[in-house]
Amino acid sequence: MALQSIAEQVAAMIRKYGAQPYLTEDVGQPFHLHFHGSGGTEVKAMGGNSPPHWRLIVDGHGPDRFGQCEAHHCDAVYIDLTRNGSRRYCSAACTARAKTAAYRSRRRS
Ligand SMILES: [Zn+2]
1096 MALQSIAEQV AAMIRKYGAQ PYLTEDVGQP FHLHFHGSGG TEVKAMGGNS PPHWRLIVDG
1156 HGPDRFGQCE AHHCDAVYID LTRNGSRRYC SAACTARAKT AAYRSRRRS
């Protein structure tokens, strides 16, 4: 997906859920930025929280850090925060299943 399209979709979600930034100081941590939505439902709270973080990821890492798991029978999505952008699976379980399947496939041929 093109950066412009991702940026527009994330910006639209930020507007839709009324994401508001605020500074907080959790125990043992310095002040840092959190976000919350404008509504009283869980969906609106999540809508106000997640898209601003996605925007920071796009700004810091680029739009290609969002992906869909390549494991067979898995359609989960992930955010790739690896140093070299090499993530292909949503979880350690899918990584292990895919590696096992590839190993078995090589042994059969
Ligand atoms: Zn998966």
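For this note's numbering, add 1095 to where a residue sits in the sequence shown, where the first one is 1. Where is the CB? At the ideal position from N, CA and C, for every residue including glycine.
Identity of the residue in the options nearest residue i by Cα
i: N1144; options: S1133, V1172, L1176; result: S1133
i: V1138; options: G1113, T1177, D1175; result: G1113
i: L1151; options: K1194, P1116, R1199; result: P1116
i: E1165; options: H1148, R1202, R1192; result: R1192
i: F1130; options: E1120, P1146, T1136; result: P1146
i: I1101; options: I1109, A1187, R1201, P1158; result: P1158
i: E1210; options: A1140, L1128, T1136, D1154; result: For the chain, the structure presents residues 1096 to 1204; residue 1210 sits outside this window and is missing.
Cβ-heavy atom distance, residue i to ligand 1, below 7 Å
i: A1166; result: yes
i: S1200; result: no
i: S1181; result: no
i: A1187; result: no
i: A1196; result: no
i: A1171; result: yes
i: Y1117; result: no
i: Y1112; result: no
Endpoints, the beta strand (DSSP E) within which residue i is located
i: P1116; result: 1115 to 1119
i: L1128; result: 1127 to 1131
i: V1172; result: 1172 to 1174
i: G1065; result: Examination of residue 1065 is not possible in this model, given that the chain is present from 1096 through 1204 alone.
Endpoints, the alpha helix (DSSP H) within which residue i is located
i: A1217; result: Residue numbering for the chain in the displayed model covers 1096 to 1204; residue 1217 lies beyond these limits and cannot be assessed.
Query raised in the report: Touch check for the region 1166 to 1174 and the region 1113 to 1133: three-plus C-beta pairs under 8 Å?
Result: no
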